[in-house]
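K.L.:
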Amino acid sequence: MSEEQQLKALVERLEKVANRLESIKVSGAGSTGETSGNAEAPQVEAFNSYLSEHFQPLINTLNTIGGDCEPVTKLLNDAMNQLKLLITCASKYKKPTDEVFVSLLTPLDKIMKQIGDLRFKKFKSEQYNHLYALEEGMKCILWPTSPTPVSFVKEMVNAAQFYTNKVLMTFKNTDKAELHKTFVNQLKQSIEELANYVKEYHMSGLAWNVRASEPASANSLENLGSTPTATTTTTPAPTTTGGSFAPPPPTKIIKVDVPPPTENTSSSASANLFAEIASKRDNAGAGLKHVTKDMKTKNQKDKVSVVSGDNVKKSTTTSVTSKTVKGTPKFQKISTGMGQKWEVYHQDGAHDLKITDTDLKHTVYIYGCNDTLITIEGKVNTITMDKCTKTGVIFNSVVSSVELVNCKSCQVQNTGVVPTISVDKTDGFQLYLSKESMHTCRIITSKSSEMNVSVPTEDDEDVVEIPLPEQYVHTIDPKTGKIVTETIKHE
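Per our numbering, the sequence shown starts with residue 12, numbered consecutively.
Structure, rendered in structure tokens:
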């Protein structure tokens, strides 16, 4: 590059810097210490940077994966835009009452329910684990509802890990393994970066503008979403000829005449019935038929009032069998002589059961559950699963052990420390160990089959699945006369 070209490039850079300084001076000339005009609060600008640097790459990866991952991207974008509106609202208004704050959070909660409904409808999809991981992980955007938002956001990484591990294992030996690995890493990074953002700007909760003149109202989000952010009138709106699009006009409010609510037919019918009875008073039973002695069953000789023994036996057996098979669902905490015990009985299809407020003396007993996911927060003494099918348990740490007895196709994930895991008479067992427990945990098995243990690699970027042996060879040592047991190796 010649000296003339270098000088020309330097002049252009100086002109850009000068224009930028002039625009900052103009926008800040009318400010009085509060966010006004086109200027955005620092927390809003930082959130925009988070969306472009850490959230948008996740959306791009989901679109690349395609399939059932594409519809969820629109809901995720809507959720983040709604969260941005809430942060912008907080930067312009004082903190409202609790009732108003709940109404401001309602749109965000509705979007999260739509994501859950989409996941539920796609239970046969190839990307079902992707959708479940997004549903669990993206609950982090509900941090404004938590008194400790930073820890709330970080906890969502563990909530999604159960399903991100399934994604890695499902697509491990396929040609798109790297793409799905990128999805898992980006999802984890987007949650962790959101935690960093919340820690910097909303450490103790959503930061409201204490200098604002009025608190937020129920219509504040609608006003922010419908009115343009620009307030100056000297700059014309951009046109589509330059490659950008003009902002849409404000939404028109159309008045619709809503008819008054009609009276409930069931309540009106009940009122009419009681009014009719009250009008008759002493003659209320005048229209009823009189039952004579010969109409009573005990006086009718042609009808037998004794039930045969076969019928009694049949009905009794049926009732006992139905009660034994299904049982009464329970989810409760009871006090015992040695402490407190959590009981989870006969749950079917429940995927959002959480045990909180735990203690080192608490024990958890899970019995007869099917297609259920249970999350245990904190540290407990022991966890026992008995006669469960297709049930998953996510827990942090235990003092003693985790036991599985008479179970089928169950999964257990540990995110903290566990000293011992015992598996007895179980067919189909998948264990996910954390990095803290993979070198210290003892796994004791007996009369069990189809057992696998998944552990993270040294760089935490992948999961390695290790099968547990089921077949052994026993021989007698001729020198010592003792039994020598070895695992069968298929080479």
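We treat Cβ as the ideally placed atom computed from N, Cα and C, and that holds for glycine.
From a predicted model like this one, the values you see are computed outputs, not experimental measurements.
Helix, strand or coil for Val375, going by three-state DSSP, please let me know.
P.N.:
Note: Val375 maps to strand in three-state DSSP.
K.L.:
Kindly indicate which residue of Thr402, Glu472, Cys452 has the alpha-carbon position closest to the one of Asp438.
P.N.:
It is Thr402.
K.L.:
Anyone know if the C-beta pair for Leu384 and Leu364 falls short of 8 Å?
P.N.:
Yes, the pair counts as a contact, with Cβ atoms nearer than the cut-off.
K.L.:
Might you give, ordered along the chain, the residues of its own chain that have their beta carbon closer than 6 Å to the beta carbon of Ser459, omitting 5 neighbours on each side?
P.N.:
The answer, listed in chain order, is Val434, Thr437.
K.L.:
Under the three-state reduction of DSSP, which class applies to Tyr104: helix, strand or coil?
P.N.:
In the structure shown, Tyr104 sits in coil (DSSP, three-state: anything other than H, G, I, E or B).
K.L.:
Quick check on Lys132: does DSSP put it in helix, strand or coil?
P.N.:
Reduced to three states, the DSSP call for Lys132 is helix.
K.L.:
Is Glu64 helix, strand or coil when you go by DSSP?
P.N.:
Reduced to three states, the DSSP call for Glu64 is helix.
K.L.:
With 16 other CB atoms within 10 Å as the buried threshold, where does Glu110 fall?
P.N.:
With fewer than 16 Cβ atoms within 10 Å of its Cβ, Glu110 is classed as exposed.
K.L.:
Quick one: using the 10 Å Cβ neighbour count with 16 as the cut-off for buried, is Glu497 buried or exposed?
P.N.:
Answer is exposed; the Cβ neighbour count stays below 16.
K.L.:
Select from Leu115, Leu87, Ser420 the residue whose C-alpha is nearest the C-alpha of Lys124.
P.N.:
Looking at the Cα atoms, Leu87 is the closest of the given residues.
K.L.:
Decide if the segment 194-208 is in contact with the segment 171-183; the criterion is three or more beta carbon pairs, one per stretch, under 8 Å apart.
P.N.:
Yes, the segment 194-208 is in contact with the segment 171-183.
K.L.:
Can you give me the Cβ contacts of Ser412 inside the same chain, cut-off strictly under 7 Å, excluding the 5 residues immediately before and after it?
P.N.:
Thr393, Pro430, Thr431, Ile432, Ser433.
K.L.:
Assign Val161 to one of three DSSP states: helix, strand, or coil.
P.N.:
Val161 falls in the helix class under three-state DSSP.
K.L.:
Is Leu73 closer than 8 Å to Cys80 when the C-beta atoms are compared?
P.N.:
Yes, Cβ-Cβ distance for Cys80 and Leu73 is below 8 Å.
K.L.:
I believe Gly379 touches Tyr356 by the beta-carbon criterion, under 8 Å. Please report the beta-carbon distance rounded to the nearest angstrom.
P.N.:
Rounded, the Cβ-Cβ distance is 6 Å, consistent with contact.
K.L.:
Take Glu204 as the anchor and find which of Gly148, Cys100, His301 has the nearest alpha-carbon.
P.N.:
Nearest option by C-alpha distance: Gly148.
K.L.:
Which stretch, first to last residue, makes up the beta strand (DSSP E) that contains Thr498?
P.N.:
Start and end: 494-498.
K.L.:
So which of Asn220, Glu146, Lys183 has the shortest CA-CA distance to Ile202?
P.N.:
The candidate whose alpha carbon is nearest that of Ile202 is Glu146.
K.L.:
Would Thr240 be called buried (16 or more neighbouring beta carbons within 10 Å of its own) or exposed?
P.N.:
Note on Thr240: pLDDT 39, under 50, position unreliable in the model; no value is reported.
K.L.:
Does Thr215 come out as helix, strand or coil in the three-state DSSP assignment?
P.N.:
As written in the sequence, residue 215 is Ser, which differs from the Thr given in the question. Of the three classes helix, strand and coil, the one that applies to Ser215 here is coil, per DSSP.
K.L.:
If you check the beta carbons only, do Pro226 and Lys352 fall under 8 Å apart?
P.N.:
No, Cβ-Cβ distance for Pro226 and Lys352 is not below 8 Å.
K.L.:
With DSSP run on the structure shown, which of helix, strand or coil describes Asp89?
P.N.:
Asp89: helix per DSSP, three-state reduction.
K.L.:
Using C-beta distances below 6 Å, list every residue in its chain close to Gln17, excluding the 5 sequence neighbours before and after it, in chain order.
P.N.:
Excluding sequence neighbours, Gln17 sits near nothing in its chain.
K.L.:
How long is the line joining the alpha carbons of Met167 and Thr386, rounded to whole angstroms?
P.N.:
Straight-line Cα distance between these residues: approximately 12 Å.
K.L.:
I'd like the list of long-range same chain contacts for Thr367, defined as Cβ closer than 8 Å, with 5 residues on each side in sequence excluded.
P.N.:
Glu388, Gly389.
K.L.:
Glu1 by DSSP, collapsed to three states: which one?
P.N.:
Limits of the chain in this structure are 12 at one end and 502 at the other, which puts residue 1 out of reach.
K.L.:
Which same chain residues end up closer than 7 Å to Phe66 when comparing Cβ atoms and leaving out the 5 residues on each side of it in sequence?
P.N.:
Excluding sequence neighbours, Phe66 sits near Met91, Ser201.
K.L.:
What are the start and end residues of the beta strand (DSSP E) that includes His141?
P.N.:
Looking at the DSSP string, His141 is not in any beta strand (DSSP E); the run it does join, the alpha helix (DSSP H), is 139-148.
K.L.:
Check Pro340 in the structure and name its three-state DSSP category.
P.N.:
Of the three classes helix, strand and coil, the one that applies to Pro340 here is coil, per DSSP.
K.L.:
Going by the CB atoms, is the gap between Met449 and Val428 shorter than 8 Å?
P.N.:
Against a cut-off of 8 Å, the Cβ pair of Met449 and Val428 comes out as no contact.
K.L.:
Grouping DSSP H, G and I as helix and E and B as strand, with all else coil, what is His485?
P.N.:
DSSP places His485 in strand when its eight states are reduced to three.
K.L.:
Quick check on Val409: buried or exposed, where buried means 16 or more other Cβ atoms within 10 Å of its Cβ?
P.N.:
When all chains shown are included, Val409 counts as buried.
K.L.:
If you draw a straight line from the alpha carbon of Val161 to that of Pro118, how long is it in whole angstroms?
P.N.:
Each residue's alpha carbon lies about 22 Å from the other.
K.L.:
Under the DSSP definition of a beta bridge, which residues are partnered with Thr456?
P.N.:
According to DSSP, which records beta bridges pairwise, Thr456 is partnered with Val434.
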